[in-house]
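Each residue of the sequence shown is one higher than the last, beginning at 1 in the UniProt record's numbering. Beta carbons: idealized from backbone N, C-alpha and C, even for Gly. Everything numeric in this text was worked out from a predicted model, so none of it was measured.
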Amino acid sequence: MLRSMVSVDDSLTAPERGERAGKLAVIVADDEQPAVRELAYLLGQDDRIGAIYSSISGTEVLQLLDAHQIDALFLDIHMPGLSGLDLAKVINKFSRAEQPAIVFVTADEDRAVEAFELAAVDYLLKPVRTEPLAESVRRITEQLQFPEQMAQTDDLITVDQGGITKLIRKSEIRYVQAQGDYARLHTADASFLIRVPLSELEEQWQSAGFLRIHRSYLISMPHVSQLQMSRGSASVRIGDASLPVSRRHLPGLRGKMAESRPRSRG
1 MLRSMVSVDD SLTAPERGER AGKLAVIVAD DEQPAVRELA YLLGQDDRIG
51 AIYSSISGTE VLQLLDAHQI DALFLDIHMP GLSGLDLAKV INKFSRAEQP
101 AIVFVTADED RAVEAFELAA VDYLLKPVRT EPLAESVRRI TEQLQFPEQM
151 AQTDDLITVD QGGITKLIRK SEIRYVQAQG DYARLHTADA SFLIRVPLSE
201 LEEQWQSAGF LRIHRSYLIS MPHVSQLQMS RGSASVRIGD ASLPVSRRHL
251 PGLRGKMAES RPRSRG
């Protein structure tokens, strides 16, 4: 039996909400009913979400996809019969126009590589928290609006941490610090050491918005909040970090910042 999850607004059925312009229709699939209810509740708090359907098996998900226009799936990896990973493999055979975005929701930290190899938009660990979930919805929205741009700019980077191989998105990297023949990638809440010289990353990541500001630093321009000048020296603020800008690289940084400054058409 198919289960159509009524949205948090009980006065509207899921299909009625899904018809609202600009809203996302999603499926939450997990063989554990409490997990389905919790995630559906959290998604219902997001104004970007319209219809929320629920399922306890991969087979039901396929039936829902056949019956409704679905934008995204939130899949538990471990489901009896057709698992979340198996389901993603089936969906990847759909035409690009018919493929919904996929977010895996699981308690397994070690399945991220396999998940992203199946073109998952995101990988959420249980228990799901509000902020990472909101970020997943943002990624879904961007993928639906700009599929080609997302494929080009949000490349995945393989890193090792504590004997575990992880995948992080290039857009999550705020700045890179040179450490000899290695480079340390800094995100909002972690850092990862990779065996690639900073000079090579500078060349490879230029098109993704990364700029060299110092012999020891490469920064992601979208993460820069301010440029500060003080007694002949310069620094940039990225999150809680203050990074030096060399005199040699200051003109280039100023030029990049000027490009993003609003201009009058008059």
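Within the continuous alpha helix (DSSP H) that includes Asp86, where are the two ends? Gly84 to Ile91
Taking 8 Å as the cut-off, decide whether the C-beta atoms of Ala120 and Phe94 are in contact. no
Need the endpoints of the alpha helix (DSSP H) that Arg254 sits in, please. Leu250 to Glu259
Sort Ser260, Leu73 and Met79 by Cα distance to Ile56 and report the nearest one. Met79
Output needed for Gln152: all residues of its chain with C-beta closer than 6 Å, excluding positions within five of it in sequence on either side, in chain order. With a pLDDT of 48 at Gln152, under the threshold of 50, the modelled position of this residue cannot be trusted, and the question is left open.
Distance, Cα to Cα, Leu124 vs Ala101? 14 Å
Could you check if Gly252 is buried or exposed, using at least 16 other CB atoms within 10 Å of its CB as the buried criterion? exposed
Under three-state DSSP, which class holds residue 273? What the structure shows of the chain is the stretch from 1 to 266, and residue 273 is not part of that stretch, so it cannot be assessed.
Val159 and Leu185 closer than 8 Å at C-beta: yes
Going by DSSP in three states, residue 348 sits in which element: helix, strand or coil? The chain is shown only over 1 to 266; residue 348 falls outside these bounds and no answer can be derived.
Three or more beta-carbon pairs under 8 Å between the segment 238 to 250 and the segment 197 to 208, yes or no? no
Which term fits Gln143, buried or exposed, when burial requires 16 or more other beta carbons within 10 angstroms of its beta carbon? buried
So the candidates are Ala178, Met229, Leu218 and Val61; which of them puts its Cα closest to the Cα of residue 272? This structure gives no information on residue 272, because the portion of the chain shown stretches from 1 to 266.
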